[in-house]
Amino acid sequence: MHIALNDLKAQYLTIKDEIDRAVMGVIESTEFINGADVTEFEKNFAAYCGEGIYCTGCGNGTDAIILALRALRITSGDEVIIPAMSFIATVEPLITFGVKPVFVDIEEGTYTINAALIESKVTDRTRAIMPVHLYGHVCDMDVIQDIARRHRLHVIEDAAQAHGAEFKGKRVGSFGDITTFSFYPGKNLGAYGDGGAITSRDEHVALTVARLSNHGRGEHRSKRIEKYKHFMIGYNSRLDTIQAAVLNVKLRHLDQWTKRRQQIAAFYDGELASWLTVAQPRDQSQSVYHQYVIEVDNRDAVLAQMKARGVHCGVHYPDALHQHKPVKDVVGDLEGQYPVAERLARRCLSLPIYAEMTDDMVAYVCDSLKAVLGKRSEAA
Ligand SMILES: Cc1ncc(COP(=O)(O)O)c(C=O)c1O
-2 MHIALNDLKA QYLTIKDEID RAVMGVIEST EFINGADVTE FEKNFAAYCG
48 EGIYCTGCGN GTDAIILALR ALRITSGDEV IIPAMSFIAT VEPLITFGVK
98 PVFVDIEEGT YTINAALIES KVTDRTRAIM PVHLYGHVCD MDVIQDIARR
148 HRLHVIEDAA QAHGAEFKGK RVGSFGDITT FSFYPGKNLG AYGDGGAITS
198 RDEHVALTVA RLSNHGRGEH RSKRIEKYKH FMIGYNSRLD TIQAAVLNVK
248 LRHLDQWTKR RQQIAAFYDG ELASWLTVAQ PRDQSQSVYH QYVIEVDNRD
298 AVLAQMKARG VHCGVHYPDA LHQHKPVKDV VGDLEGQYPV AERLARRCLS
348 LPIYAEMTDD MVAYVCDSLK AVLGKRSEAA
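Counting with the working numbering, you get residues -2 to 377 for the letters of the sequence shown.
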């Protein structure tokens, strides 16, 4: 058997007619920039995240963080609290703006930011907490929001990996002052190229982000745009109409795909959780399992042996944020200060998880892992 870490072709084949029609529709209309599909997607995704939410599309999930920082006027000399484990894009925009990233270790279990360690990191310069819903698992938003309220900090949710994830019945995208999303193709809701969005309850923030993302065009209190009237120095970071058309199609299928991911995760849990360390979602939450992450000794050897059996696993991520050289160059050597994140970086292995996996494929992944790790397969 050959099992990819993710199979975008298999997904495309299940929705080919809808996608082809949507993409051709944009080409026929030639509305490539800020076309009707963009407005439609912003409306649909805002409603998907919750009541009273505004959504603004942008070029990608990294730009979404840049735009969020700009909209909240977080700038050089400020501090933002982030987890020590995430994709580099969580920290990159901070460093770009001269904002000091203040790392907090992740917790056992969900591998998201350890909320109990946040408050001791708050200083006079702290402007925001940026929790990351890593692997599709929701952070402890009750505690994070409470700290933010008491210290008058902004909350920027990085939900690049967590479209549709819920905590106490509320979806991510509805907790923070601003939430940033990525629609990178491999994400749970992925475009056919780069794409991103920002959600907020605050209409002014939504309009500011819309202006910033479109060369500063658009009046302060409306979306009315004059092509050569610029109200602020911004960026060219718009969600392409073709990508929005793809996302409108995929959003209709997202919940069904998430259910299948959750089924697969439950199967993996049943087979593996009694003898391996596996990531676990928080109580009262619904994870969307962007990744299914386990910990193993000799990770790189296990990765290679799984590949030899046809199972392509992933590593998310081989370095914690403070361990990347360009980050170290800015923040100094912090090795040893974030033991859970550092251990995870050494030991994490992501198993294939996507809606198009059959039960046989999921069972094969488990049997392969048992064989590689020397555990007798129950099926054998
Ligand atoms: C946690 C996290 N934040 C931010 C990003 C950045 O998104 P993009 O790749 O769309 O710029 C990603 C995507 O890979 C991510 O996983």
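No residue lacks a Cβ here, since even glycine has one placed at the ideal position from N, Cα and C.
Nearest CA to the CA of residue i: which residue from the options?
{"i": "Ala1", "options": "Pro90, Pro323, His148, Gly183", "result": "Gly183"}
{"i": "Phe100", "options": "Gly190, Pro128, Glu39, Arg257", "result": "Pro128"}
{"i": "Ala162", "options": "Val140, Ser179, His130", "result": "His130"}
{"i": "Arg147", "options": "His160, His313, Arg124, Tyr51", "result": "Arg124"}
{"i": "Asn233", "options": "Ala368, Asp60, Ser271", "result": "Asp60"}
{"i": "Tyr45", "options": "Ser171, Val20, Gly54", "result": "Ser171"}
{"i": "His313", "options": "Ser117, Ile85, Arg249, Cys55", "result": "Ile85"}
{"i": "Ala81", "options": "Val285, Asn185, Leu209, Lys118", "result": "Lys118"}
{"i": "Thr53", "options": "Arg18, Ser179, Ala342, Ile350", "result": "Ser179"}
{"i": "Leu186", "options": "Asn57, Ile230, Thr205, Asp174", "result": "Asn57"}
{"i": "Trp254", "options": "Ser365, Gly311, Ala207, Val285", "result": "Val285"}
{"i": "Ile350", "options": "Asp364, Ala262, Gly267", "result": "Ala262"}
{"i": "Ile62", "options": "Glu39, Asp14, Thr176, Asp143", "result": "Thr176"}
{"i": "Ile110", "options": "Ala338, Lys167, Gly267", "result": "Ala338"}
{"i": "Arg122", "options": "Val135, Leu341, Arg149", "result": "Arg149"}
{"i": "Asp456", "options": "Glu116, Arg198, Tyr181, Leu64", "result": "The structure shown has nothing for residue 456, since the chain only spans -2 to 377."}
Got a sec? Which residues, its chain only, sit under 7 angstroms from residue i by beta carbon, not counting five neighbours each side?
{"i": "Gln281", "result": "Phe164, Lys165"}
{"i": "Ile16", "result": "Tyr9, Val243, Val246"}
{"i": "Arg257", "result": "Ala352"}
{"i": "Phe42", "result": "Cys52, Ala194, Leu248"}
{"i": "Ser26", "result": "Gly32"}
{"i": "Asp4", "result": "Tyr351, Glu353"}
Is it buried or exposed for residue i, if we count other Cβ within 10 angstroms and need 16 for buried?
{"i": "Asn295", "result": "exposed"}
{"i": "Glu371", "result": "A small fix is needed here, since residue 371 is Gly in this sequence, not Glu. By the 10 Å Cβ count, Gly371 comes out exposed."}
{"i": "Ile71", "result": "buried"}
{"i": "His212", "result": "buried"}
{"i": "Trp272", "result": "exposed"}
{"i": "Thr120", "result": "exposed"}
{"i": "Asp252", "result": "exposed"}
{"i": "Ser83", "result": "buried"}
{"i": "Phe29", "result": "exposed"}
{"i": "Ser210", "result": "buried"}
{"i": "Gly173", "result": "buried"}
{"i": "Leu143", "result": "A quick correction: the sequence has Asp, not Leu, at residue 143. Exposed, by the Cβ-count rule."}
Give me, in chain order, the residues of the same chain whose beta-carbon lies closer than 6 angstroms to that of residue i; leave out the 5 immediate sequence neighbours on both sides.
{"i": "Val290", "result": "Tyr132, Ala276, Cys345, Ser347"}
{"i": "Ala112", "result": "Asp137, Val140, Ile141"}
{"i": "Ala145", "result": "Ile126, Val152"}
{"i": "Val327", "result": "Ile92"}
{"i": "Gly74", "result": "none"}
Against chain D, does residue i count as a neighbour if the rule is that its beta carbon must be under 9 angstroms from one of theirs?
{"i": "Val77", "result": "Chain labels in this structure do not include chain D; a single protein chain is all it has."}
Closer than 8 angstroms by C-beta to residue i: which residues in its own chain qualify, once you throw out the five before and the five after it? Chain order, please.
{"i": "Ala342", "result": "Met82, Tyr314, Pro315, Asp316, Ala317, Gln320"}
Does the pairing of the region 136 to 155 with the region 34 to 41 give three or more beta-carbon distances under 8 angstroms?
No contact exists between the region 136 to 155 and the region 34 to 41.
Spell out a yes or no on whether the region 217 to 237 and the region 79 to 92 are touching, meaning 3 or more CB-CB pairs, one atom from each, closer than 8 angstroms.
With a cut-off of 8 angstroms, the region 79 to 92 and the region 217 to 237 do not count as touching, because too few Cβ pairs lie within range.
Could you give the uninterrupted runs of the alpha helix (DSSP H) lying entirely in the region 170 to 220, keeping only those of 4 residues or more?
Segments of the alpha helix (DSSP H) lying fully in the region 170 to 220: 200 to 210.
Alpha helix (DSSP H) runs wholly inside the region 37 to 82, at least 4 long, in chain order:
Runs of the alpha helix (DSSP H) spanning 4 or more residues and lying entirely within the region 37 to 82 occur at 58 to 68, in chain order.
So, do the region 315 to 322 and the region 104 to 122 have three or more beta carbon pairs nearer to each other than 8 angstroms?
No, because fewer than three Cβ pairs between the region 315 to 322 and the region 104 to 122 fall closer than 8 angstroms, the two stretches do not touch.
Go through the region 323 to 372 residue by residue and report every complete run of the beta strand (DSSP E) that reaches 3 residues or more, in order.
You should have 345 to 348.
May I have a chain-ordered list of the alpha helix (DSSP H) segments no shorter than 4 residues that lie completely inside the region 218 to 292?
Counting only runs of at least 4 residues, the region 218 to 292 fully encloses the following alpha helix (DSSP H) elements, listed from N- to C-terminal order: 238 to 269.
Identify every run of the beta strand (DSSP E) within the region 99 to 174, keeping only runs that are complete inside it and at least 3 residues long; order them along the chain.
Scanning the region 99 to 174 from its first residue to its last, the whole beta strand (DSSP E) runs of 3-plus residues come out as 123 to 126, 151 to 155.
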